[in-house]
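Data block below; observations after.
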Amino acid sequence: MPFTPKDPFDLLPQISERVQRRHPFSVMALLSPLHPADIARIIADLDADDRAWVVEILPDETRGEVLLELAEGQREDLLEDMSEASISGALVHLDSDDAADLLQELDDDLAQKIVSEMDAADRREVEHLLGYAEDTAGGLMQVELFKVREDWPPEKVMEVFRRFGRQVDRIHTIFLVDDDNHLKGKLSFRQLILAEPGRPVLEFADVDPVRVLPEVDQEEVARLFEKYDLVSLPVVDATGHLIGRITSDDIFDVITEEASEDIYRLGGVEGDDLEDAVLPTAARRGAWLFLNLITAISASYVISLFEATLAQVVALAILMPIVASMGGNAGTQTLTVIVRGLALGRITPRNAMPLVVKQVGVGMVNGLAFALVLGVVASWWFPDLGSRLGVVIGLAMMINLLVAGLAGSLIPLALKKMNIDPALASGILLTTLTDVIGFFAFLGLAQTMLLGS
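Here's what the structure looks like:
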């Protein structure tokens, strides 16, 4: 039975030393008691050759679980170098959904060869799952589940479970079906134990349970788990036939994946590139940096329109970045709240406008507060310009924070309406808008109020 020490990573020096000497039995003596997730964490810190050697000596029943726990880049590198026998041996011990996930990361020819050598039942299950997109309910589901007839009495259900329950891992729910495999209900083990003997179990079950079609996006599946506090979710086809289930352990991975994806996109990167080479990483980031360069040029062009004003009042060049920076930061705060709300399904057409009004209100309040602070600071800093400079920068600050609240709300909502991922494009648009308006407001007001032109 795997155990978890206080920190399995403490074993790394011992394991690394034994791996260097290529002593498989002594290495496995340290790894065998550990959970696959802890093994993955340890070997992830080894160099590539040592990592590949350790994966090859792992037992088949452990190897697949360890591969699934590794970072995607490390896993792909290992799969490229692993023997067909090692991969096949690992797949046999995985649930159908996990096996399908690993097969999708293999070369197409190798994947087809491995699938063709599976026994007929496993091959049908895996081929069925491979037909669904990876980020859908069908891609998440596993076909292994425990189901019984809706009219069976509790004692028969218990008898069948005792005989066959070991064949399915992580049984949280018993699904009830009719003669044609239509989903009719679900039963917890508490309900089963408390059920009256001799009566159909459907009488004690949750009838018409929440279910999902295989084409539904994984984000929507995650929302269903959260909304209804589910531990497993049945998947049915268009006619209501039970075809699989999604378990909570898969949803934990989805939630982490979706949250990470949003964070990466807000930062202008496409994903976790810790394991990628320099040139591919630079190429991906370069595309976003090029777009950012265009926005920076547009902001610089606005500044160039007031070149004469800046030449006459040097203080403007000193204070100008403050207005743009405050607007950008305020807009990013609003943007983060709205993008996350959209991702979690908490923002709907009904509550969208009140949220926009609220964010604009927040921008107005903060704009007024910081306008007063910055106005006083500017007047004290440049006393030769008097209070007029304080008024100019205060008004510009109010305008830009108001625009930041409005743009930070409306941009992601508009992109969502156009079926464009708000996390992907909102940041650049917001930065452009707050920079351009911030500079234009500040320098335009300065030209009017300080130079009278």
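Just so we're aligned, residue 240 is where the sequence shown starts under this note's numbering, counting upward by one.
Every residue gets a Cβ at the ideal spot worked out from N, C-alpha and C, and that includes glycine.
Predicted model, so just to flag it, every value in this text is computed and none were measured.
Three-way DSSP call (helix, strand, coil) for residue i in this model
{"i": "R257", "result": "helix"}
{"i": "F242", "result": "Any reading at F242 needs caution, since the residue's pLDDT is 49, under 50, leaving its predicted position unreliable; the model's value is listed next. F242 falls in the strand class under three-state DSSP."}
{"i": "F529", "result": "helix"}
{"i": "L345", "result": "coil"}
{"i": "V387", "result": "strand"}
{"i": "F545", "result": "coil"}
{"i": "I413", "result": "strand"}
{"i": "V449", "result": "coil"}
{"i": "R438", "result": "coil"}
{"i": "G691", "result": "coil"}
{"i": "S537", "result": "helix"}
{"i": "E500", "result": "helix"}
{"i": "L333", "result": "coil"}
{"i": "H367", "result": "helix"}
{"i": "I282", "result": "helix"}
{"i": "I586", "result": "coil"}
{"i": "D408", "result": "coil"}
{"i": "V552", "result": "coil"}
{"i": "E356", "result": "coil"}
{"i": "P252", "result": "helix"}
{"i": "A444", "result": "coil"}
{"i": "Q686", "result": "helix"}
{"i": "P393", "result": "helix"}
{"i": "A516", "result": "coil"}
Beta bridge counterpart(s) of residue i as assigned by DSSP
{"i": "Q381", "result": "R484"}
{"i": "L472", "result": "I485"}
{"i": "H707", "result": "What the structure shows of the chain is the stretch from 240 to 692, and residue 707 is not part of that stretch, so it cannot be assessed."}
{"i": "T375", "result": "D456"}
{"i": "L426", "result": "I413"}
Inter-residue CB distance, residue i and residue j (contact presumed, cutoff 8 Å)
{"i": "P439", "j": "E394", "result": "That pair is no contact at about 12 Å."}
{"i": "V451", "j": "A538", "result": "With a Cβ gap of about 46 Å, V451 and A538 do not count as contacting."}
{"i": "V630", "j": "G644", "result": "Wrong, their Cβ atoms sit about 22 Å apart, outside the cutoff."}
{"i": "L574", "j": "G666", "result": "7 Å"}
{"i": "V541", "j": "F678", "result": "5 Å"}
{"i": "D417", "j": "K425", "result": "Contact flag wrong, Cβ pair sits at about 14 Å."}
{"i": "V407", "j": "L384", "result": "6 Å"}
{"i": "I413", "j": "V387", "result": "6 Å"}
{"i": "E364", "j": "L441", "result": "About 27 Å separates the two Cβ atoms, so there is no contact after all."}
{"i": "L368", "j": "S335", "result": "6 Å"}
{"i": "V642", "j": "I586", "result": "Rounded, the Cβ-Cβ distance is 21 Å, inconsistent with contact."}
{"i": "I650", "j": "L669", "result": "6 Å"}
Assigned exposure category for residue i - 16 Cβ within 10 Å defines buried
{"i": "F491", "result": "exposed"}
{"i": "A329", "result": "buried"}
{"i": "P588", "result": "exposed"}
{"i": "A477", "result": "exposed"}
{"i": "I326", "result": "buried"}
{"i": "G567", "result": "buried"}
{"i": "N590", "result": "exposed"}
{"i": "V293", "result": "buried"}
{"i": "V578", "result": "buried"}
{"i": "E459", "result": "exposed"}
{"i": "L499", "result": "Checking the displayed sequence, the identity of residue 499 turns out to be Ser instead of Leu. That one is exposed."}
{"i": "G633", "result": "buried"}
{"i": "G525", "result": "exposed"}
{"i": "Q259", "result": "exposed"}
{"i": "Q343", "result": "exposed"}
{"i": "Q253", "result": "exposed"}
{"i": "A646", "result": "buried"}
{"i": "F242", "result": "A caution first: F242 carries a pLDDT of 49, below 50, which makes its placement in the model too unreliable to give a value."}
{"i": "N658", "result": "exposed"}
{"i": "G606", "result": "buried"}
{"i": "P560", "result": "exposed"}
{"i": "S471", "result": "buried"}
{"i": "T548", "result": "buried"}
{"i": "L433", "result": "exposed"}
{"i": "R302", "result": "buried"}
{"i": "I557", "result": "exposed"}
{"i": "D249", "result": "exposed"}
{"i": "M240", "result": "Any answer about M240 is weak, because its pLDDT of 45 lies below 50 and its placement is not dependable; what the coordinates show is given next. By the 10 Å Cβ count, M240 comes out exposed."}
Any non-hydrogen atom of the ligand ADP within 8 Å of residue i CB
{"i": "D284", "result": "Within the structure as shown, the ligand ADP is missing, as the structure has no ligands at all."}
* Asked: What alpha helix (DSSP H) runs, 4 residues minimum, are completely inside the stretch 613 to 682?
  -> Taking only runs of at least 4 residues, the alpha helix (DSSP H) segments lying wholly in the stretch 613 to 682 are 626 to 656.
* Output the residue ranges of the alpha helix (DSSP H) runs that lie fully inside the stretch 289 to 323 and measure 4 residues or longer, sorted by chain position. => 299 to 308 and 311 to 320
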